[in-house]
Structure formats: C-alpha cells, structure tokens
Amino acid sequence: MTQLDIYVRPGDERDEEADPWPTYPKLYRSSAAHEEARELRMGAAADADGDGDVRVFAASTLRFSGDGEGRVRALHLVEVDAGRRAVAGTERMVPTDLVLLALGFSGPDPGDGLVAQLGVELEERGTVARDGGSGRMCEGCSPRGMPLGGSR
Numbered sequence: 001m002t003q004l005d006i007y008v009r010p011g012d013e014r015d016e017e018a019d020p021w022p023t024y025p026k027l028y029r030s031s032a033a034h035e036e037a038r039e040l041r042m043g044a045a046a047d048a049d050g051d052g053d054v055r056v057f058a059a060s061t062l063r064f065s066g067d068g069e070g071r072v073r074a075l076h077l078v079e080v081d082a083g084r085r086a087v088a089g090t091e092r093m094v095p096t097d098l099v100l101l102a103l104g105f106s107g108p109d110p111g112d113g114l115v116a117q118l119g120v121e122l123e124e125r126g127t128v129a130r131d132g133g134s135g136r137m138c139e140g141c142s143p144r145g146m147p148l149g150g151s152r
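Written out as structure tokens, the structure is:
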C-alpha cells in the first residue's frame, strides 16, 4: 500500500509564519491507518528512509498502465516542487493492483485563470489570502456566503 500526497512532507512542529494561531497547523502526523498499512506492507521493519511511512510526499500521478484486459498494473508518478510543478528526471513507476482516489480541493491553480485575472493573492499554503477584517480577497471580491458591503 502506498499513499501519494502532492504536497511536500509537513514539518513536525507548527510553522508560526505559515500557520499562525488560530489556524489549524499543517503538521506531519501518522494515524492508526498508516501504522496498519506499514505493518501489512513490510511487517515490523522500517522502510529505506527508516520511518516505515507508506506515504510518498511531493508526488503527482502522470498516468496509469494496464495489462490490456482492463486491469491497472502500474502508476507512473513524478516528484513535484512546493509549487506543484514537475521536477524533471524524477519520473518513476509503482507496481499497482488497485487504485483508490481520495481527492479534496487543494486550492486554485496559482498561475492560471480567474485567480490571476483578478490579481487575487495566495497564501503560502496555496489558499486564497483575504483581509482579516472584511474577508475580501480583492476589490469587489469576497468569499462565498460573505456580504461584500460598501461600494463595488
């Protein structure tokens, strides 16, 4: 079992600049599910990194390969930098029998589309930065469900 995460591995302690209180800190955490997956995959031994983690951080899926009969057999991935851009020469293949996708919204595409057209700033995490007082993201813009107030 392998879990891919497009983001770089979070730190072990809160980064006060990137995650000031009271925001929820992005920390490196292991759950019981991670421990169970490690034990199923490799017994009590640690992996090559010495920590037994079944997660691969800073990785993005390129494509899947099959056996010609409709079964997936490999996942092709590439390492990515903090901006989610592919790092040349880091492509690799992971043998695969089953792929489960669990995707969440990870923020807008930083250099493309509406965000760039409106001049909306992004925080270090890649989420939309907003004025703490008014909640505005840019002049005439506000997060969904919040009144704009004032003139547009």
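Numbering of the sequence shown is given in the UniProt record's numbering, commencing with residue 1 and proceeding in unit increments. In this text, a Cβ means the ideal position worked out from N, Cα and C, and glycines have one as well. On a predicted model such as this, the values are computed, not experimentally measured, just so you know.
Shortest Cα-Cα distance from Leu4 to any of Glu13, His76, Leu27, Val87 involves His76.
For Leu75, the enclosing beta strand (DSSP E) covers residues 72-79. When the five nearest sequence neighbours on each side are left out, the beta carbons in the same chain lying within less than 8 Å of the beta carbon of Val80 are those of Ile6, Ala58, Ala59, Ser60, Ala86, Val87, in order along the chain. Secondary structure at Arg84: coil, using DSSP grouped into helix, strand and coil.
Put simply, the segment 22-37 does not touch the segment 113-121. Fewer than three CB pairs are less than 8 Å apart. By the neighbour-count criterion, in which 16 or more other beta carbons inside 10 Å mark a residue as buried, Arg38 falls on the buried side. In terms of Cβ geometry, Thr90 and Gly107 do not form a close pair [threshold 8 Å].
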